[in-house]
Amino acid sequence: MYLIDGHNLIPKIYGMSLAMDDKENQLIELLQEFARLKRKKVEVYFDNAPPGYANTRKFGSITAHFIRQGLTADNAIIDRVRKMGKQASQVIVVSSDHAIQNEVRACSATAKSSEEFFREMQAMHNQPGQSVKPDPERQSAAEIAEFERLFLQKKKSSKK
């Protein structure tokens, strides 16, 4: 299983930035392909969900945790790993934040930098026979619409 600090990973991916309106959705789409090819569970954590929108949602094969303002994805990931006990040794945490890396290693989880994870994603995508195939686990049109509504509304409210 992978636990990913989404806003830490986004700026490491070519063509993506934290300033993009649909950055979370784009990352989830990339992670769906990664999870399908790797056959692993993936949970991604995003900071700063607007009031009323902090929750956990399934987007096909990806579980996305939207952490309310005032809390951090970092702490949510660390708490998740700590609660796993001995199962933590089967988890890979993706973040370039050294404090997270140290905390999760102390719990026997593996830490991987966002840069290293992105290189792994690129290498997997470039392997022969790893073309993009339809994935029945992908998010539905309704899920996409809800996701866009949440984050476009967040952007509008933050401009006021």
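Residues 0 to 159 in numbering that gives the first Met the number 0 are what the sequence shown lists, from first letter to last.
C-beta atoms are modelled at their ideal positions from N, C-alpha and C, and glycine is treated no differently.
Per DSSP, the unbroken beta strand (DSSP E) holding Lys111 starts and ends at 109-111. Taking a C-beta distance under 8 Å as the contact criterion, Ser113 and Asn7 qualify as a contact pair. Nearest Cα to Phe45 within the set Ile61, Glu32, Phe116: Ile61. Spanning the alpha carbons of Arg79 and Arg118 requires a straight line of approximately 25 Å. By a beta-carbon distance limit of 8 Å, Gly5 contacts Val43. Their separation comes to about 4 Å.
Ala48 is not a Cβ neighbour of Ile27, given a cutoff of 8 Å. A straight-line Cα-Cα distance of about 11 Å links Ser88 and Arg81.
In the structure shown, the three-state DSSP call for Leu8 is helix. When the Cα atoms are used, Met120 and Arg38 turn out to be separated by approximately 13 Å. Nearest Cα to Cys106 within the set Val92, Asp96, Phe116: Val92. Assignment of Val103 by DSSP, reduced to helix, strand and coil, places it in the helix class.
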